[in-house]
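Residue numbers (the numbering used here): 138 to 567. Below is one structure; the comments refer to it alone.
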Amino acid sequence: MMRLAVLSVHTCPLASLGGKETGGMNVYVRETCAELGRRGVRVDVFTRSQDPAVPRRVELIPGVVVHHVPAGPETPYPKYGLLQYMGEFVQGVMHQAPGPYDLLFTHYWLSGVAGLDLRNKWGIPMVHMFHTMGWIKNLVAKDQGEKEGETRLIWEERVAREADALVAPHPLERAQLVWQYRACPGRIRVVPCGVDLSLFRPIDPAEARRALGLDNSPRLIFVGRLDPIKGLDTLLKAMVLLKGKAGSPGALPSLLVVGGPPWEAGTEPPPEILKASKQVQDLGIQDMVHLLGPRQQNSLPLYYSASLACVLPSRYESFGMAALEAMACGVPVVASRVGGLSYTVLDGESGILVPEGDAEALANTIRDLIERPGWRAQMGARASRRAQRFSWPGVVDGLMVLFEELLGGTNPLSEGHRRTTAVCQSPSRS
């Protein structure tokens, strides 16, 4: 029986979605670990404790346990300040780990830092997945406050070069890892992200609207964290353009914005919601845009199905799991031509790709979808068919092949070949 240790330092796979640090990575860790557990793999997930009231040990499913490890203050803490607590986290993992383990699977660069230390202490192979890369975030940052520090970039390159294997969700990220971080191509496996096809499936739009108490007017949906990198500002500008060119009030779509941290009724909304609300007010589109906050994942298929299209104007996406969710529901996606979205969404087939940051192109594409219902329906049907390729069991099939290669000695990075220059000469860069 394989035993796997998984690190997700800065965010817990059990956390509610929509917050500043919760999103696709949480879903990925939760779903892959659950599927591995169903196959008989014993999985221990280690994450930093953010609340002393939460049990140290929580069973996700039989054989899969999430361990909350004290490291630094047991409160939510900015992830850019967590590096100082990685030594404490490693010691906590070693204290709480039931081990021994065959393999270590780390997620995000902070987990990679801790993982390199644990890999050496335990003497087992380490697989790493970045989920986002700092240098790309810096390329698309609009101001200095959005940029990642040099420390992250240095550690990311080290993790990319020293991990026994890397998982990239699409071929473009594989190439980026090789070029920017000089990772060895032979150490990288492309394994896409997935979607729960039993949950995300087409629902009759009229039925979905009735369930949500919505009328029959056209609407769009945005699902994601309220983070500048998600490009909501571009979508709001596109809504202004749509309002200015609407032929009739009935043709004007509304926008459902699903995401942001949760908050209790009667209390002030969190800063992300207040900032988005001010943007909406300043643009004069408060009659078109509805900031719903986070929603339970099991209700998302209704929201997708009640919408004409899912719009994802991100500046950068490592994969774009919201796009997959919408596609699985038979809803076409309008997305930026960036990162993983350009892989997930087949342009003209399962959705439309537009230049990042181009509000006019976004508005024109949305208008075309509204005015051409036959085309929209065909695209939605093709989107649903494409999504069938991205089941979580299929994702775990790919991971298991990699794990077995590492443990069986057939991978170039198995014991005896690890980190030798003979295996891989990094490309030079000028």
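Even for Gly, the Cβ is constructed at its ideal location relative to N, Cα and C.
Under three-state DSSP, which class holds residue i?
i, result
"residue 285", "coil"
"residue 566", "Here the model assigns residue 566 a pLDDT of 41, short of 50, so the residue's position is not dependable, and the following value carries that caveat. The answer is coil: DSSP assigns residue 566 none of H, G, I, E or B."
"residue 142", "strand"
"residue 170", "helix"
"residue 426", "strand"
"residue 391", "strand"
"residue 107", "With the chain covering only 138 through 567, there is no way to say anything about residue 107."
"residue 540", "helix"
"residue 326", "strand"
"residue 503", "helix"
"residue 528", "strand"
"residue 250", "helix"
"residue 402", "coil"
"residue 454", "coil"
"residue 208", "coil"
"residue 484", "strand"
"residue 297", "helix"
"residue 305", "strand"
"residue 236", "coil"
"residue 439", "helix"
"residue 152", "coil"
"residue 334", "coil"
Can you tell which of the options has the C-alpha that lies nearest to the C-alpha of residue i?
i, options, result
"residue 196", "474, 149, 458", "149"
"residue 160", "396, 218, 206", "396"
"residue 214", "199, 207, 187", "187"
"residue 180", "519, 210, 511, 234", "234"
"residue 352", "292, 337, 443, 361", "443"
"residue 300", "308, 392, 286, 318", "318"
"residue 376", "205, 175, 426, 489", "426"
"residue 486", "496, 280, 506, 323", "506"
"residue 253", "303, 210, 541, 216", "303"
"residue 190", "327, 207, 474", "207"
"residue 460", "538, 364, 360, 220", "360"
"residue 488", "470, 497, 498", "470"
"residue 328", "418, 537, 543", "537"
"residue 202", "312, 170, 216, 222", "170"
"residue 221", "200, 251, 198", "251"
"residue 172", "540, 545, 534", "534"
"residue 373", "290, 163, 416", "416"
How big is the Cα-Cα spacing for residue i and residue j?
i, j, result
"residue 447", "residue 261", "42 Å"
"residue 420", "residue 500", "15 Å"
"residue 306", "residue 478", "11 Å"
"residue 494", "residue 369", "10 Å"
"residue 509", "residue 503", "10 Å"
"residue 340", "residue 263", "41 Å"
"residue 404", "residue 320", "47 Å"
"residue 430", "residue 413", "11 Å"
"residue 273", "residue 453", "8 Å"
"residue 355", "residue 278", "33 Å"
"residue 455", "residue 482", "13 Å"
"residue 295", "residue 176", "32 Å"
"residue 141", "residue 409", "36 Å"
"residue 406", "residue 400", "6 Å"
"residue 324", "residue 265", "10 Å"
"residue 165", "residue 475", "20 Å"
"residue 392", "residue 229", "45 Å"
"residue 297", "residue 247", "12 Å"
"residue 357", "residue 523", "21 Å"
"residue 178", "residue 144", "16 Å"
"residue 168", "residue 434", "13 Å"
"residue 211", "residue 257", "27 Å"
"residue 449", "residue 367", "7 Å"
"residue 163", "residue 223", "20 Å"
"residue 418", "residue 342", "29 Å"
May I ask which residues mark the beginning and end of the beta strand (DSSP E) holding residue i?
i, result
"residue 473", "470-473"
"residue 489", "488-491"
"residue 356", "356-360"
If you follow the alpha helix (DSSP H) that residue i is in, where does it begin and where does it stop?
i, result
"residue 232", "223-233"
"residue 243", "Per DSSP, residue 243 belongs to no alpha helix (DSSP H); it is in the beta strand (DSSP E), 240-244."
"residue 462", "458-465"
"residue 181", "No alpha helix (DSSP H) holds residue 181; the beta strand (DSSP E) holding it covers 179-185."
"residue 261", "It is not in any alpha helix (DSSP H) - residue 261 carries neither H nor E in the DSSP assignment."
"residue 311", "308-318"
"residue 343", "342-349"
"residue 369", "369-382"
"residue 366", "Per DSSP, residue 366 belongs to no alpha helix (DSSP H) and is neither H nor E."
"residue 277", "271-277"
"residue 449", "First-last for residue 449: 446-449, but that is the beta strand (DSSP E), not the alpha helix (DSSP H)."
"residue 420", "408-420"
Three or more C-beta pairs below 8 Å linking the stretch 231-241 and the stretch 434-449: no
Inter-stretch contact (C-beta, 8 Å, three-pair minimum) for the stretch 519-534 and the stretch 461-481: yes
Contact between the stretch 329-343 and the stretch 525-532 (3+ Cβ pairs under 8 Å): yes
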